[in-house]
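Here the structure comes first, spelled out in structure tokens, and everything after it is commentary.
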Amino acid sequence: EMLKNACRATTERHIRSGRQGAGYDIRSGRLDAKIPNVVVELQKGDVHVIIKISDQGGGMPKKLQEEAWEYGWSTANSMEDSDDPSSAWDSSSKAWRKELAGFGFGLPLTRLHAQYFGGDVFMQAMPGHGTDMYLLLNHLKEGSPSTETEDPSTALTENENRLSSHNAP
Numbered sequence: 014e015m016l017k018n019a020c021r022a023t024t025e026r027h028i029r030s031g032r033q034g035a036g037y038d039i040r041s042g043r044l045d046a047k048i049p050n051v052v053v054e055l056q057k058g059d060v061h062v063i064i065k066i067s068d069q070g071g072g073m074p075k076k077l078q079e080e081a082w083e084y085g086w087s088t089a090n091s092m093e094d095s096d097d098p099s100s101a102w103d104s105s106s107k108a109w110r111k112e113l114a115g116f117g118f119g120l121p122l123t124r125l126h127a128q129y130f131g132g133d134v135f136m137q138a139m140p141g142h143g144t145d146m147y148l149l150l151n152h153l154k155e156g157s158p159s160t161e162t163e164d165p166s167t168a169l170t171e172n173e174n175r176l177s178s179h180n181a182p
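Per the numbering used here, numbering of the sequence shown is gapless, rising by one per residue and ending at 182.
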């Protein structure tokens with residue numbers, strides 16, 4: 014979700030504004046673009062694995078950063094209904110944009126899943142430039158119960174065998 018959002022924001026910003034020679038020819042369906050890369054970095058710490066996703070999608074004002082974590086909130090409608098004259102998109106391209114846009118559940122569910130597994134998600138946006146997203150996940154160390162099982166599909170059977178041997182008369 015975070016990677017999709019970064020790619021979408023970067024692509025839409027640079028095509029809409031015509032930055033760096035980006036342009037979209039509706040008739041040919043050809044994209045002439047020099048769109049900046051979305052950068053993904055991974056870092057393993059003592060407790061967490063940190064995944065950082067950096068984009069140049071224009072960032073987000075502080076007020077909207079708070080709203081982005083609410084269920085049902087999305088930038089999709091505001092982008093779609095834009096009458097921005099610098100937009101390289103017309104009504105025939107809105108279908109493409111809708112395929113990339115969701116219903117506002119992606120970021121809240123991403124955070125919920127990360128927190129469920131002992132991690133979290135953070136956003137650091139620089140309005141006018143881009144956004145850095147951080148996904149922190151607990152990593153498993155060698156010797157922890159989850160890494161000792163050779164075949165994860167046998168874990169349930171092994172646990173049942175241990176329980177039945179303890180409860181046997």
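The C-beta atom is built at its ideal place from N, Cα and C for all residues, glycine as well.
Please classify residue i: does DSSP put it in a helix, a strand, or coil?
{"i": "M15", "result": "helix"}
{"i": "Q56", "result": "strand"}
{"i": "A127", "result": "helix"}
{"i": "I66", "result": "strand"}
{"i": "L122", "result": "helix"}
{"i": "L150", "result": "strand"}
{"i": "P98", "result": "Note on P98: pLDDT 38, under 50, position unreliable in the model; the coordinate value appears next. The answer is coil: DSSP assigns P98 none of H, G, I, E or B."}
For residue i, which residues of its own chain have a beta-carbon under 6 Å away from its beta-carbon, when the five flanking residues on both sides are left out?
{"i": "V62", "result": "L150 and H152"}
{"i": "P140", "result": "G72 and P74"}
Under the assumption that residue i contacts residue j (Cβ atoms under 8 Å), give the Cβ distance between them as a whole number of angstroms.
{"i": "G72", "j": "G143", "result": "5 Å"}
{"i": "G119", "j": "E14", "result": "4 Å"}
{"i": "K65", "j": "Y147", "result": "5 Å"}
{"i": "M136", "j": "Q56", "result": "17 Å between Cβ atoms; not a contact."}
Less than 8 Å between C-beta atoms, sequence neighbours within five positions excluded: which residues of the same chain meet that for residue i?
{"i": "T23", "result": "I48, P49, V51, D68, Q69, G70 and G143"}
{"i": "T123", "result": "E14, M15, V134 and L148"}
What does residue i pair with, by DSSP beta-bridge criteria?
{"i": "Q137", "result": "D145"}
{"i": "H61", "result": "N151"}
Determine, for residue i, whether the minimum Cβ-Cβ distance to residues of chain D falls below 8 Å.
{"i": "M15", "result": "The displayed structure is made up of one protein chain only, and chain D is not part of it."}
Does the ligand ATP have even one heavy atom less than 7 Å from the beta-carbon of residue i?
{"i": "V62", "result": "With respect to small molecules bound, the structure shown includes none, and the ligand ATP cannot be examined in it."}
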